[in-house]
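There are 2 protein chains.
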Amino acid sequence: MQIIKTIKELRPVIHEYRLKNKSIGFVPTMGALHPGHLSLIKASREECECTVISIYVNPIQFNDKEDFDSYPRNFNADTQKVRDAGVDILFIPDDKEIYSKESSTFVEVSGHVTNILCGISRPSHFRGVATVVCKLLNIVQPDKAYFGMKDAQQAIVVAKMVNDLNFPVDIRFMPIVREKNGLACSSRNENLTDKERKKAIVLNQTLCHAEKRIIEDEERDAMKVTGEMYEMVSKTKGAEIDYISIVSLPDLKDVKEIKDQVMIAMAVVIGETRLIDNITLNVNEKK
Amino acid sequence: MQIIKTIKELRPVIHEYRLKNKSIGFVPTMGALHPGHLSLIKASREECECTVISIYVNPIQFNDKEDFDSYPRNFNADTQKVRDAGVDILFIPDDKEIYSKESSTFVEVSGHVTNILCGISRPSHFRGVATVVCKLLNIVQPDKAYFGMKDAQQAIVVAKMVNDLNFPVDIRFMPIVREKNGLACSSRNENLTDKERKKAIVLNQTLCHAEKRIIEDEERDAMKVTGEMYEMVSKTKGAEIDYISIVSLPDLKDVKEIKDQVMIAMAVVIGETRLIDNITLNVNEKK
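Note that the protein sequences, when read in sequence, are chains B and P. Heads up, the first sequence stops at 418 in this note's numbering, and the numbers go up one at a time, no gaps. Heads up, the second sequence stops at 418 in this note's numbering, and the numbers go up one at a time, no gaps.
Take a look at the structure:
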């Protein structure tokens with residue numbers, strides 16, 4: 132595995148792969164790697180001849196410095212994990228490499244998809260995500276880039292940006308990976324205490340309840356389902372709901388009547404840690 | 132010469148060139164081609180193995196519909212010109228090809244360089260330019276892209292965007308091409324009447340006066356020089372000044388004392404047509 136820290140060193144390596152017509156798969160991450168990330172690497176290795184992973188904690192997608200500072204960082208453990216996973220190139224740039232002092236260009240995905248769900252409580256978050264992904268795509272020049280559906284809105288925003296700006300890359304959405312107890316794998320889980328980790332299961336439990344109500348009981352009233360979800364989470368002490376929503380896919384419009392493809396998405400703060408989770412359902416498929 | 136109208140058709144052609152490691156030069160234009168454009172093609176042909184020119188009148192860089200509607204369009208004459216000039220690929224997409232109905236992602240070069248000179252009278256102009264250039268770079272994937280210095284601020288904004296977003300392309304600034312009488316070549320000149328065309332010479336004459344005052348007379352007071360320029364243009368009936376400025380390069384800051392690299396830039400409306408022109412001087416170079 133090549134470990135590369137600068138754009139200048141990465142460019143000729145990428146150029147060689149491109150000249151040989153080798154397909155490049157890219158997994159952009161902020162490190163603190165977990166089984167979710169490893170599933171993205173696995174998918175890339177299955178579909179592409181070269182897999183590049185980047186580890187970079189992108190400051191401009193954080194809304195407050197405290198959250199940025201407390202974001203988990205395990206560079207040594209991460210390096211071992213990606214080596215074991217068979218990654219070809221690990222790109223770990225520093226801040227100076229990604230944002231020069233003069234840098235002031237931003238990619239803005241405007242419209243509904245960035246103004247709902249996480250876009251409400253994290254105002255400039257998706258601008259930061261779109262900008263850094265745009266930069267990384269220009270640096271790595273992959274054929275395919277892999278995003279986990281735990282951050283479903285992020286994946287949708289990135290896919291929209293790539294489509295709107297004609298990036299020559301295929302954005303691949305990969306399913307959420309969960310711990311045995313149902314908790315969605317997330318780097319932020321590292322910030323949970325043991326007690327909080329137990330409480331955090333409520334997100335998945337609530338989503339499973341909603342799925343049961345929609346699929347088995349054929350409940351179609353979105354307000355009724357989210358109402359029950361609110362009630363379940365509210366019973367957990369120290370859990371503060373940011374949002375619980377049922378939206379259409381891929382346009383993320385709030386739905387009243389549940390039909391076709393929907394996503395049930397939620398953000399809950401457990402202690403100091405904001406967690407998100409979701410499930411997607413195709414209501415016409417089953418039953 | 133290949134004439135290509137869709138992104139889908141262009142991609143495999145570009146891919147072939149890239150696989151063969153052939154360098155691609157790109158000249159993005161809005162058509163109504165003149166000797167300035169032809170000089171960009173010439174430079175590309177000298178430096179690159181394949182030259183791609185695009186002709187697309189980009190609606191989102193116009194501030195009003197009237198200006199967009201009256202922008203000159205000569206597709207048949209243009210096609211003949213680029214064929215004669217030895218272009219390899221002419222890309223002429225239509226609006227549907229470039230902006231889908233759902234498209235809502237914009238590239239915003241924020242900060243001083245977009246908030247001065249033409250950025251004042253044309254508020255969202257550079258956002259439109261940055262967005263379409265970003266899209267075209269992703270479609271054409273050139274090694275070098277050529278911009279004329281008549282639109283110096285545009286070239287500077289594009290170069291900043293490319294640098295800030297890490298596009299793997301070299302932006303080449305090419306000198307202004309002028310008609311015999313000094314008028315800077317511009318597609319908009321086509322909209323001038325014969326009478327207006329004579330009046331339009333005042334831009335170049337005024338810039339030449341400024342150059343003489345700075346280089347020969349060693350005048351270093353920017354206000355004094357621009358004051359004289361204002362006076363010269365004001366004597367031309369039907370000429371309305373938008374701005375006359377002396378700014379530093381490449382950061383476009385207003386200067387009081389003329390030194391080092393400066394650009395003297397002006398925008399003047401002649402009749403219904405807004406014209407821009409500039410000269411750059413290295414004050415320490417001569418004398």
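Backbone N, C-alpha and C define an ideal beta-carbon position, used for all residues, glycine too.
Taking the beta strand (DSSP E) that residue i belongs to, which residues open and close that run?
| i | result |
| --- | --- |
| Met397(P) | Gln392 to Ile401 |
| Asp373(B) | Ala370 to Ser379 |
| Gly156(B) | Ile155 to Thr160 |
| Gln133(P) | Gln133 to Ile135 |
| Phe298(P) | Note, Phe298(P): premise wrong, no beta strand (DSSP E); not H, not E. |
| Leu221(B) | Ile220 to Phe222 |
Among the options, whose alpha-carbon lies nearest the alpha-carbon of residue i?
| i | options | result |
| --- | --- | --- |
| Glu362(B) | Asp391(B), Leu338(B), Pro203(B) and Thr182(B) | Leu338(B) |
| Gly250(P) | Asp226(P), Glu233(P), Gln284(P) and Asp219(P) | Gln284(P) |
| Val293(B) | Glu233(P), Leu334(P), Glu147(P) and Lys275(P) | Glu233(P) |
| Ile247(P) | Leu383(P), Lys136(P), Cys181(P) and Val213(P) | Leu383(P) |
| Ser170(P) | Cys181(P), Lys151(P) and Gly279(P) | Gly279(P) |
| Lys330(P) | Glu349(P), Gly156(P) and Thr367(P) | Thr367(P) |
| Thr357(B) | Asp348(B), Ile377(B), Ile287(B) and Met161(B) | Ile377(B) |
| Phe193(B) | Leu412(B), Arg405(B), Thr411(B) and Ile410(B) | Arg405(B) |
| Pro286(P) | Pro273(P), Gln272(P), Ile307(P) and Ile270(P) | The residue asked about is misnamed: residue 286(P) is Ala in this sequence, not Pro. Nearest of Pro273(P), Gln272(P), Ile307(P) and Ile270(P) to Ala286(P), Cα basis: Ile307(P). |
| Val288(P) | Thr245(P), Pro143(P), Ala353(P) and Ser154(P) | Thr245(P) |
| Ser175(P) | Glu349(P), Pro381(P) and Asp274(P) | Asp274(P) |
| Ile135(P) | Ala353(P), Lys355(P), Phe237(P) and Ile186(P) | Ile186(P) |
| Phe298(P) | Leu323(P), Val271(P), Lys196(P) and Lys227(P) | Val271(P) |
| Ser365(P) | Leu380(P), Ala398(P), Ile229(P) and Cys181(P) | Ala398(P) |
Using the DSSP secondary-structure output, state which residues sit across from residue i in a beta bridge.
| i | result |
| --- | --- |
| Lys384(B) | Looking at the DSSP assignment, Lys384(B) forms no beta bridge with any residue, so it has no partner. |
| Asn409(B) | Ala396(B) |
| Gly279(B) | Met305(B) |
| Ile184(B) | Val158(B) and Leu221(B) |
| Gln315(P) | Looking at the sequence shown, residue 315(P) is not Gln but Ala. According to DSSP, Ala315(P) bridges with Arg309(P). |
| Thr404(P) | Ile401(P) |
| Val460(B) | Any question about residue 460(B) goes unanswered here, given that chain B covers just 132 to 418. |
Of all Cβ atoms in chain B, is any one closer than 7 angstroms to the Cβ of residue i?
| i | result |
| --- | --- |
| Lys417(P) | For Lys417(P), the predicted model reports a pLDDT of 49, less than 50, meaning its position is unreliable and no value from the coordinates is stated. |
| Val289(P) | no |
| Gly242(P) | yes |
| Leu169(P) | no |
| Met397(P) | no |
| Leu150(P) | yes |
| Ile135(P) | no |
| Ile270(P) | yes |
| Met292(P) | yes |
What is the residue span of the alpha helix (DSSP H) that residue i lies within?
| i | result |
| --- | --- |
| Ala261(B) | His256 to Val271 |
| Phe304(B) | No alpha helix (DSSP H) contains Phe304(B), which is instead part of the beta strand (DSSP E) from Asp301 to Met305. |
| Ser234(P) | Note, Ser234(P): premise wrong, no alpha helix (DSSP H); not H, not E. |
| Asp352(B) | Asp352(B) -> no alpha helix (DSSP H), and no H or E assigned at all. |
| Phe206(B) | Phe206 to Asp215 |
| Cys249(B) | Cys249 to Ser252 |
| His168(B) | Pro166 to Glu178 |
| Tyr202(B) | It is not in any alpha helix (DSSP H) - Tyr202(B) carries neither H nor E in the DSSP assignment. |
| Glu327(P) | Asp325 to Lys330 |
| Glu321(B) | Here Glu321(B) belongs to no alpha helix (DSSP H), and DSSP marks it neither H nor E. |
Hey, is residue i's beta-carbon within less than 7 angstroms of any beta-carbon in chain P?
| i | result |
| --- | --- |
| Asp295(B) | yes |
| Phe298(B) | yes |
| Val238(B) | yes |
| Lys266(B) | yes |
| Leu412(B) | no |
| Ser235(B) | yes |
| Val400(B) | no |
| Asn409(B) | no |
| Leu164(B) | no |
| Thr404(B) | no |
| Leu380(B) | no |
State the CB to CB distance for the pair residue i and residue j, rounded to an integer number of angstroms; the pair is presumed to be in contact (CB under 8 angstroms).
| i | j | result |
| --- | --- | --- |
| Ile302(P) | Val414(P) | With a Cβ gap of about 25 angstroms, Ile302(P) and Val414(P) do not count as contacting. |
| Leu268(B) | Val213(B) | The pair is not a contact, with the Cβ atoms about 19 angstroms apart (cut-off 8 angstroms). |
| Val158(P) | Phe222(P) | With 8 angstroms as the limit, Val158(P) and Phe222(P) do not qualify as a contact, their Cβ atoms being about 10 angstroms apart. |
| Gly162(P) | Asp209(P) | 5 angstroms |
| Val400(B) | Glu371(B) | 4 angstroms |
| Cys316(P) | Gly167(P) | 4 angstroms |
| Val300(B) | Ala261(B) | About 14 angstroms; that fails the 8 angstroms criterion. |
| Ala353(P) | Glu388(P) | 7 angstroms |
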